[in-house]
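S.K.: One structure, pasted below without further comment.
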Amino acid sequence: MMLNRRQALAGMTGALPLLTGAAPDDYRIDPQPVADGLWMIHGADEPMLFANGGAIANIAIIATPAGTLLVDAGPSIRYGHMLRKVAETLTGQPVVRVYVTHLHPDHGMGIAAFDPAIVAALPGTIADMERDGRGFSDALYRLLGDWMRGTDLALPGRRIDQPAEDFGGRRLQLLPLAGHSNADLALLDERTGTLIGGDLLFLDRAPSTPTANLGRWRESLDALARLPHKAAIPGHGPFDPGGTRAIAQTRDWLDWLDTTLRTAVQSGLDMVEAGTLPIPDRFATIAAARYELQRSVAHLYPALEAELLPRVDLPEG
Amino acid sequence: MNRRKTLTAMAMSCLLAAGSIAPARAPYPADPLHSPMWTAHAQTIFGDDPVSFDPRVKVSYPEIAENQRSFPVALDARGLGPGLGPVRRMLILADLNPIPIAIDYRPDGAEPYVATRIKLDQRTPVRGAVQLADGQWLVSGGWVDAAGGGCSAPPVSRVKGDWAQHLGEMRGEAWPMADGASRLRVTFRHPMDTGFVANIPTYHIEQMRVTGPDGQLLGQMEIWAAVAEDPAITLMPRAHPGDTLSIAARDTNGRAYLAKVTVARQSPLPTATGATGR
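Protein sequence lines, in the order shown, are assigned to chains A and B.
Counting along the first sequence from 1, when you hit position 40 you're at 40 in our numbering, and nothing is skipped either side.
Counting along the second sequence from 1, when you hit position 13 you're at 13 in our numbering, and nothing is skipped either side.
See below:
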């Protein structure tokens, strides 16, 4: 069989990813309009995997008279660059502010693509990222390989110490909360009544707890429930047009998790067994439920044992 | 094999493996996990005893190694049934850890079950090996992916600096199970230093014994620094509601640990008496 030059080149190009082994596709960034001048990018409702390039967190794009705002920036510099291009094409305005809701790398590593002077986070988040960012970066490089190429740990350059920010008349309330981590930022877009909950809110995707304080998380959910909002963008999972489902489901999962793990410790189960306990039918719609239950056992079980198992040691024998 | 012999043999087997000197015995069965350390560990641990892979030896662990410093593993040989005679020894090991064996347990008066948390230094096979009364070994396990560094990272309590204030704190509880067994959980505060962190020598709990109300031995184990910081151990000693179990342990500095746990009158959750696994 004869091949002409063009066919040969096309064949070689096609074979190249196989030869190099790890050249991933580009991220597919597909903003969906959810309110006036507000779009949501729905991350994959999965664990972080090489197959999804780590693009699992939801991201919000907001058009204002003073420029484009982003809430969270994805897992890598590559994602951040693409996100900026997509957002600026969508709104026709440059990105003037990037909010980082909390320290976790699926939300924050992408800020490496932006000028730190326009990246804002709660002071507690900046401190968390200074402490844990390097470790997260190592873990992401291990997991995501080439997707991470060129991504250096970047820190937000603006500390959020005001209750709201105004962009040419479009005002965002900035709510300093906690519980999913030491510092969780939630935002309320006053024009549309849309709550952007960060990872305080999960919907149809199991909440993750590596830095969680369940008591503070529940208090934050109470605070979010009291807000005058009409709809909600969770940190993971689909848009919540009524604004109540994500709050209720996140609370339901956390309450169940807390009760289940406490009962497990008090019943003598070890960690392996606790990770295999049945997940109730009402959580059947929730993605990554078993995965997050087992992660939560790793995060929470030792402290529950220290709290619930009685001291039994006698003076040194 | 006693502890010193085991350690010496391990060192020797590493040398043998490095020198590619052929073993002077019949080959072990092919390792379904294709571990590079299978033969070396088999020589050390099993010697000339017969070995086979047997899925009735159940090694359970989570789908994800969320924390490579503390990875839960349960080894359950109850599925072998009484026909094969009592289980003499139970080992939990991770082939590619610098300290491969975590626990070497003799369930003298206990159901053949042990659960704990181990360190993972890299992606490695995690195995259970069970020796029957006739000397033969039954082995099972699987590969576990881990980010690594679990043996060479300093313990959290060393970083916080509060390990000495809590050293020797023990917690525990025991619940009755069906058929005259109980479920004992015991936790220790201990740094379980591996010796692989700069300027921190090896320091770990190395032995634990569980005895019944009349002093009868129910279970004993040797423990290595591959067990996670603040060890948590689950066993199934044969004991009845109201029986008081004594747990005595010793660390490599000679410090003794002693606790007493009375088996509760009833178990609060039916799942606690059931089998593990999914």
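Backbone N, C-alpha and C define an ideal beta-carbon position, used for all residues, glycine too.
For a contact defined as C-beta to C-beta under 7 angstroms, what are the partners of B:G172 on chain A?
M.R.: Within the second sequence, the letter at position 172 stands for residue 172 of chain B. In chain order: L309, V312.
S.K.: Which residue spans inside the segment 68-137 of chain A form an unbroken beta strand (DSSP E) run of at least 3?
M.R.: Listed in chain order, they are 95-99, 119-121.
S.K.: Any idea what DSSP makes of A:S220, helix, strand or coil?
M.R.: Position 220 of the first sequence, counting from 1, holds the residue named residue 220 of chain A. It is helical.
S.K.: Out of A:I56, A:G198, A:L177, which one is the CA nearest neighbour of A:D240?
M.R.: Sequence index remark: in the first sequence, residue 240 of chain A carries index 240 (1-based). Of the listed residues, the one whose Cα sits closest to A:D240 is A:G198.
S.K.: What did DSSP end up calling B:K160 once you bin it into helix, strand or coil?
M.R.: Position 160 of the second sequence, counted from the first residue, corresponds to residue 160 of chain B. B:K160: helix per DSSP, three-state reduction.
S.K.: Counting only beta-carbon atoms, is A:G133 nearer than 9 angstroms to chain B?
M.R.: Here residue 133 of chain A is taken as the residue at index 133 of the first sequence, counted from 1. Taking Cβ atoms only, chain B never reaches closer than 9 angstroms to A:G133, which makes this a no.
S.K.: Checking the sheet assignment: what are the DSSP bridge partners for B:E222?
M.R.: Counted from its first residue, the second sequence places residue 222 of chain B at position 222. Beta-bridge pairing links B:E222 to B:D104, B:Q207.
S.K.: Report buried or exposed for B:F188, applying the criterion of at least 16 other Cβ atoms within 10 angstroms of its Cβ.
M.R.: Counted from its first residue, the second sequence places residue 188 of chain B at position 188. B:F188 comes out buried.
S.K.: Taking only three categories from DSSP, how would you classify A:P33?
M.R.: Position 33 of the first sequence, counted from the start, is the residue given in the question as residue 33 of chain A. Note: A:P33 maps to strand in three-state DSSP.
S.K.: B:Y61 touches chain A at which residues, Cβ-Cβ below 8 angstroms?
M.R.: Position 61 of the second sequence holds residue 61 of chain B. V272, listed in chain order.
S.K.: Given a threshold of 16 other Cβ atoms within 10 Å of its Cβ, counted over all protein chains shown, does B:L131 qualify as buried or as exposed?
M.R.: Position 131 of the second sequence, counted from the start, is the residue given in the question as residue 131 of chain B. With the sequence shown as reference, residue 131 of chain B is identified as Gln, and Leu is not the correct amino acid for it. Buried, by the Cβ-count rule.
S.K.: Suppose contacts are defined by Cβ-Cβ distances below 9 angstroms. Is A:A178 in contact with A:E292 by that definition?
M.R.: As a position in the first sequence, residue 178 of chain A is number 178, starting the count at 1. As a position in the first sequence, residue 292 of chain A is number 292, starting the count at 1. Not closer than 9 angstroms, so no.
S.K.: Please classify A:S220 as buried or exposed, where buried requires at least 16 neighbouring CB atoms within 10 angstroms.
M.R.: Numbered from 1 along the first sequence, position 220 holds the residue referred to as residue 220 of chain A. Its Cβ being crowded by 16 or more others within 10 Å, A:S220 is buried.
S.K.: Which residues share a DSSP beta bridge with A:H236?
M.R.: The residue labelled residue 236 of chain A in the question sits at position 236 within the first sequence. A:F202.
S.K.: Between which two residues does the beta strand (DSSP E) harbouring B:V197 extend?
M.R.: Position 197 of the second sequence, counted from the start, is the residue given in the question as residue 197 of chain B. Looking at the DSSP string, B:V197 is not in any beta strand (DSSP E), and its letter there is neither H nor E.
S.K.: Answer yes if the segment 150-164 of chain B comes into contact with the segment 173-183 of chain B, meaning at least three C-beta pairs across the two stretches below 8 angstroms, and no otherwise.
M.R.: Because the criterion of three Cβ pairs below 8 angstroms is not met, the segment 173-183 of chain B and the segment 150-164 of chain B do not touch.
S.K.: For B:Y263, which residues of its own chain have a beta-carbon under 6 angstroms away from its beta-carbon, when the five flanking residues on both sides are left out?
M.R.: The count along the second sequence starts at 1 and reaches residue 263 of chain B at position 263. The identity of residue 263 of chain B in the sequence shown is Val, whereas the question assumes Tyr. Correct list, in chain order: A174, P176, S182, A239, P241, D243.
S.K.: Are B:L138 and B:D95 touching if we call contact CB-CB under 9 angstroms?
M.R.: Taking the second sequence and counting its residues from 1, one reaches residue 138 of chain B at position 138. Taking the second sequence and counting its residues from 1, one reaches residue 95 of chain B at position 95. Not closer than 9 angstroms, so no.
S.K.: Does the Cβ-Cβ distance between A:A112 and A:D152 come in under 9 angstroms?
M.R.: By one-based count along the first sequence, residue 112 of chain A stands at place 112. By one-based count along the first sequence, residue 152 of chain A stands at place 152. Taking 9 angstroms as the Cβ cut-off, A:A112 and A:D152 qualify as a contacting pair.
S.K.: Would you report the Cα separation of A:V86 and A:H236, rounded to the nearest angstrom?
M.R.: Within the first sequence, residue 86 of chain A is the residue found at index 86, counting from 1. Within the first sequence, residue 236 of chain A is the residue found at index 236, counting from 1. In a straight line, the C-alpha of A:V86 is about 20 angstroms away from that of A:H236.
S.K.: Who are the near neighbours of B:G135 in its chain, counting only those whose CB is closer than 6 angstroms to its CB and skipping five residues on each side?
M.R.: Reading the second sequence from its first residue, position 135 is the one you call residue 135 of chain B. Correct list, in chain order: D49.
S.K.: Helix, strand or coil, according to DSSP, for A:L188 in the structure here?
M.R.: The residue you call residue 188 of chain A lines up with position 188 of the first sequence. If DSSP states are grouped into helix, strand and coil, A:L188 belongs with the strands.
S.K.: Quick one: which unbroken alpha helix (DSSP H) runs of 4-plus residues sit fully inside the segment 65-109 of chain B? Chain order, please.
M.R.: Runs found: none.
S.K.: Near A:I247, which residues of its chain fall below 6 angstroms by C-beta distance, leaving aside the five closest residues on each side in sequence?
M.R.: Taking the first sequence and counting its residues from 1, the one referred to as residue 247 of chain A is at position 247. Closer than 6 angstroms at the Cβ level, and outside the excluded window around A:I247, lie L221, L224, A225.
S.K.: Please say whether B:P231 and B:R117 have beta carbons closer to each other than 9 angstroms?
M.R.: The residue you call residue 117 of chain B lines up with position 117 of the second sequence. The residue you call residue 231 of chain B lines up with position 231 of the second sequence. Cβ atoms of B:R117 and B:P231: closer than 9 angstroms.
S.K.: Count the other CB atoms, across all protein chains shown, that sit within 10 Å of the CB of B:S52; report buried if there are 16 or more and exposed otherwise.
M.R.: Within the second sequence, the letter at position 52 stands for residue 52 of chain B. So B:S52 counts as exposed.
S.K.: Assuming B:D251 and B:H166 make a contact with CB atoms under 8 angstroms, what is their CB distance in whole Å?
M.R.: Residue numbering aside, residue 251 of chain B sits at position 251 when the second sequence is read from its first letter. Residue numbering aside, residue 166 of chain B sits at position 166 when the second sequence is read from its first letter. Actually they are not in contact, since the Cβ atoms of B:D251 and B:H166 sit about 14 angstroms apart, beyond 8 angstroms.
S.K.: Roughly how many angstroms lie between the CA atoms of B:L217 and B:G109, to the nearest whole one?
M.R.: Position 217 of the second sequence holds residue 217 of chain B. Position 109 of the second sequence holds residue 109 of chain B. The straight-line gap from Cα to Cα measures roughly 7 angstroms.
S.K.: Just curious, the alpha helix (DSSP H) that A:E46 is in, first and last residue?
M.R.: One-based indexing of the first sequence puts residue 46 of chain A at position 46. Looking at the DSSP string, A:E46 is not in any alpha helix (DSSP H), and its letter there is neither H nor E.
S.K.: So, helix, strand or coil for A:M271, using DSSP?
M.R.: On the first sequence, position 271 is the one that residue 271 of chain A refers to. A:M271: helix per DSSP, three-state reduction.
S.K.: In three-state DSSP terms, what is A:P210?
M.R.: The sequence position of residue 210 of chain A within the first sequence is 210, counting from 1. DSSP places A:P210 in coil when its eight states are reduced to three.
S.K.: Along chain A, which residues have their Cβ under 8 angstroms away from the Cβ of B:P72?
M.R.: Residue numbering aside, residue 72 of chain B sits at position 72 when the second sequence is read from its first letter. Under the 8 angstroms cutoff, chain A gives D270, M271, V272, G275, V297, A298.
S.K.: Start and end of the alpha helix (DSSP H) containing A:Q294?
M.R.: Counted from its first residue, the first sequence places residue 294 of chain A at position 294. Segment 289-308, the alpha helix (DSSP H) holding A:Q294.
S.K.: Which of the three DSSP states, helix, strand or coil, is assigned to B:G180?
M.R.: Reading the second sequence from its first residue, position 180 is the one you call residue 180 of chain B. Helix.
S.K.: Exposed or buried, which one is A:F114 when buried takes at least 16 other CB atoms within 10 Å?
M.R.: Position 114 of the first sequence, counted from the start, is the residue given in the question as residue 114 of chain A. Looking at its Cβ environment, which holds 16 or more other Cβ atoms inside 10 Å, A:F114 is buried.
S.K.: By the three-class DSSP mapping on this structure, what secondary structure does A:I196 have?
M.R.: Position 196 of the first sequence, counted from the start, is the residue given in the question as residue 196 of chain A. Correct three-state label for A:I196: strand.
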